[in-house]
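S.K.: Each number in the numbering used here corresponds to the 1-based position in the sequence shown with 113 added. No residue lacks a Cβ here, since even glycine has one placed at the ideal position from N, Cα and C. The structure that follows is given in the form of structure tokens.
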Amino acid sequence: MITVISRFRVANQKSVEVEQAFRERPHLVEKAPGFRGIEVLRDASEASIFYLYTKWDDLPSYQSWHCSPAHQESHVRIPQGLKLDASYTRVEILHDENPAGREAISAFIGRFLAGSRQIYHLQLDQEGVIQSCSPVLGNALGVPVEALLGKNISELLVESDAQSFPERLESGHGDQDFILNFVGQNLSPFSVRARLFVQNHGSVLIAERDIAEESGLSRELIGLNNDFARLTRENQQKNRELTKAKDELTRAIEERDKSYWYIRKIQEVLPICMKCHKVKASSSSWESLKDFIQKNTDFLSHGYCPKCLEKMKAKKR
């Protein structure tokens, strides 16, 4: 394995544009045979100095890429009019003296991630078929890990991600985080923050739950629950007030109807005997006017007329 280090200095105030160009690069190098990885760094003390690290299986792989049309196309976003300090530009090619050790470290990291209970680790083939995955993914999906092996990862994603994920595999965008949405056995989706590392023989997907985002969602959910409880209490109070008002209205209507019936009865023509002064209460019965009024009105009061009152007073004297 070799590491190629390219160092250069921007000489004309276009450092920010160069950084943006690297961030928006077309990711063509990931498709090159023998390519292992890329990293772009800026000098901490002087922002115009850049270091470009690329790793390759061997020197011929790097040389083949460097002379290919794709290498020229990969510079399409470099800003027009860019000037470099020729005296500072330098390319170093370093040979890895211990590739077996590095491979062992990579294998150890892979085994560690595969057994993690917090980090999602998936090994995919070139088509996105799962070759291995960490148990935490099976737990989150609600299925055994064995059931996931041999299944295409797109089958586990929401529809929009299932359509876009093959494009990620093809483009090899491995230097950017993205949100990936899985669908569990109970059809409940959950989101992870992921990064995809595309290699010649397949891809590695590493992801984790976004704790900060989940905490924010939990706080928002608690707030919504509190609002819902408050609105429920207010609604129950309004329902009680509405029921009370309805009952009062019903009683008022009943009293009105009852009063109206009495008033109507009094206003009707009431047959009365000219001799005994009894009234005709029904088609076959007659009764005294006093008894009739007492039965058919609630507002009959007792008292004395002025003449009878004087007579009563005179008797008491």
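Is the beta carbon of D198 closer than 8 Å to that of A124?
M.R.: Looking up residue 124 in the sequence shown gives position 11. Looking up residue 198 in the sequence shown gives position 85. Yes, they are a contact pair.
S.K.: I'd like the list of long-range same chain contacts for P302, defined as Cβ closer than 6 Å, with 5 residues on each side in sequence excluded.
M.R.: Residue numbering aside, residue 302 sits at position 189 when the sequence shown is read from its first letter. Cβ within range, chain order: V271, N294, V296.
S.K.: Hey, out of R155, G150, K426, T356, whose CA is closest to Q108's CA?
M.R.: The shown model of the chain, from 114 to 430, leaves out residue 108, and the question about it has no answer.
S.K.: At the level of alpha carbons, what is the spacing between N338 and R346?
M.R.: For the purposes of this step, residue 338 is identified with residue 225 of the sequence shown, where counting begins at 1. For the purposes of this step, residue 346 is identified with residue 233 of the sequence shown, where counting begins at 1. C-alpha separation (whole angstroms): 12 Å.
S.K.: Name the residue from P384, E283, E130 whose alpha carbon lies nearest to the alpha carbon of S396.
M.R.: For the purposes of this step, residue 396 is taken as residue 283 along the sequence shown, with counting starting at 1. It is P384.
S.K.: By DSSP's criteria, Q236 is part of a beta bridge. Which residues make up the other side?
M.R.: Reading the sequence shown from its first residue, position 123 is the one you call residue 236. Answer is S245, V317, bridged to Q236.
S.K.: With distances taken between CB atoms, is the gap from I243 to W169 smaller than 8 Å?
M.R.: For the purposes of this step, residue 243 is taken as residue 130 along the sequence shown, with counting starting at 1. For the purposes of this step, residue 169 is taken as residue 56 along the sequence shown, with counting starting at 1. For I243 and W169, no; Cβs fall outside 8 Å.
S.K.: Thinking C-beta only, is K391 closer than 8 Å to W399?
M.R.: Within the sequence shown, residue 399 is the residue found at index 286, counting from 1. Within the sequence shown, residue 391 is the residue found at index 278, counting from 1. Contact flag set, yes.
S.K.: With a threshold of 6 Å on Cβ separation, who are the neighbours of L207 within its own chain once the five nearest residues in sequence on each side are excluded?
M.R.: Here residue 207 is taken as the residue at index 94 of the sequence shown, counted from 1. Only T116 meet the Cβ criterion.
S.K.: Work out the CA separation of N299 and K351 for me, nearest whole Å.
M.R.: Within the sequence shown, the letter at position 238 stands for residue 351. Within the sequence shown, the letter at position 186 stands for residue 299. Between K351 and N299, the C-alpha separation is close to 38 Å.
S.K.: For H234, count neighbouring C-beta atoms within 10 Å of its own C-beta (all shown protein chains included) and say buried if the count is 16 or more, exposed if not.
M.R.: Mapped onto the sequence shown, residue 234 falls at position 121. Counting Cβ neighbours within 10 Å, H234 comes out buried, since at least 16 surround it.
S.K.: For the structure I just gave you, are there three or more beta carbon pairs, one from the stretch 271 to 284 and one from the stretch 250 to 262, closer than 8 Å?
M.R.: Judged by Cβ distances under 8 Å, the stretch 271 to 284 makes no contact with the stretch 250 to 262, as fewer than three pairs qualify.
S.K.: Mark Y201 as exposed unless 16 or more other C-beta atoms lie within 10 angstroms of its C-beta, in which case mark it buried.
M.R.: Looking up residue 201 in the sequence shown gives position 88. With fewer than 16 Cβ atoms within 10 Å of its Cβ, Y201 is classed as exposed.
S.K.: Hey, how far is the Cα of S401 from the Cα of R364?
M.R.: Counting from 1 along the sequence shown, the entry for residue 401 is found at position 288. Counting from 1 along the sequence shown, the entry for residue 364 is found at position 251. S401 and R364: Cα-Cα distance of roughly 32 Å.
S.K.: Go ahead and pull the three-state DSSP assignment for Y166.
M.R.: Within the sequence shown, numbered from 1, the residue matching residue 166 stands at position 53. Three-state DSSP puts Y166 in a strand.
S.K.: Three-state secondary structure (DSSP) at G194?
M.R.: As a position in the sequence shown, residue 194 is number 81, starting the count at 1. In the structure shown, G194 sits in coil (DSSP, three-state: anything other than H, G, I, E or B).
S.K.: Since E400 is in the alpha helix (DSSP H), which residue starts that stretch and which ends it?
M.R.: Position 287 of the sequence shown, counted from the start, is the residue given in the question as residue 400. It is not in any alpha helix (DSSP H) - E400 instead sits in the beta strand (DSSP E) that spans 399 to 401.
S.K.: Ignore the nearest five residues each way along the sequence and tell me which others in V189's own chain have a CB closer than 7 Å to its CB.
M.R.: Stepping through the sequence shown from its first residue, residue 189 is reached at position 76. Counting only Cβ-Cβ distances below 7 Å, and skipping sequence neighbours, we find P139.
S.K.: Under 8 Å, do P192 and E268 count as touching if we go by C-beta distance?
M.R.: Counting from 1 along the sequence shown, the entry for residue 192 is found at position 79. Counting from 1 along the sequence shown, the entry for residue 268 is found at position 155. Against a cut-off of 8 Å, the Cβ pair of E268 and P192 comes out as no contact.
S.K.: For T202, name the three-state secondary structure that DSSP assigns.
M.R.: Residue numbering aside, residue 202 sits at position 89 when the sequence shown is read from its first letter. Of the three classes helix, strand and coil, the one that applies to T202 here is coil, per DSSP.
S.K.: Candidates R120, P146, E240, D290: which alpha carbon is nearest Y164's?
M.R.: Position 51 of the sequence shown, counting from 1, holds the residue named residue 164. Residue R120 is the option with its Cα nearest to Y164.
S.K.: Using the beta-carbon count (16 or more within 10 Å), is F148 buried or exposed?
M.R.: Indexing the sequence shown from 1 puts residue 148 at position 35. Under this definition F148 is a buried residue.
S.K.: In its own chain, which residues sit with a C-beta less than 8 Å from the C-beta of N265, not counting the 5 before and 5 after it?
M.R.: The residue given as residue 265 occupies position 152 in the sequence shown. The answer, listed in chain order, is E240, G241, V242, I243.
S.K.: Is S273 helix, strand or coil when you go by DSSP?
M.R.: On the sequence shown, residue 273 is found 160 positions in, with the first residue counted as 1. Looking at S273 - three-state DSSP - the assignment turns out to be helix.
S.K.: So what does E347 bridge to, in DSSP terms?
M.R.: In the sequence shown, counting from the first residue as 1, residue 347 sits at position 234. Answer by DSSP bridge pairing: none, since E347 is not bridged.
S.K.: Could you check if R281 is buried or exposed, using at least 16 other CB atoms within 10 Å of its CB as the buried criterion?
M.R.: The residue you call residue 281 lines up with position 168 of the sequence shown. Its Cβ being crowded by 16 or more others within 10 Å, R281 is buried.
S.K.: Of the residues Q231, E361, V142, which one's Cα is nearest the Cα of A307?
M.R.: Locating residue 307 in the sequence shown gives position 194, where the first residue counts as 1. Of the listed residues, the one whose Cα sits closest to A307 is Q231.
S.K.: Looking at E186 and I118, is the spacing between their C-beta atoms short of 8 Å?
M.R.: Sequence index remark: in the sequence shown, residue 118 carries index 5 (1-based). Sequence index remark: in the sequence shown, residue 186 carries index 73 (1-based). No, Cβ-Cβ distance for I118 and E186 is not below 8 Å.
S.K.: S181 and A160: beta carbons closer than 8 Å?
M.R.: On the sequence shown, residue 181 is found 68 positions in, with the first residue counted as 1. On the sequence shown, residue 160 is found 47 positions in, with the first residue counted as 1. No. Outside cutoff.
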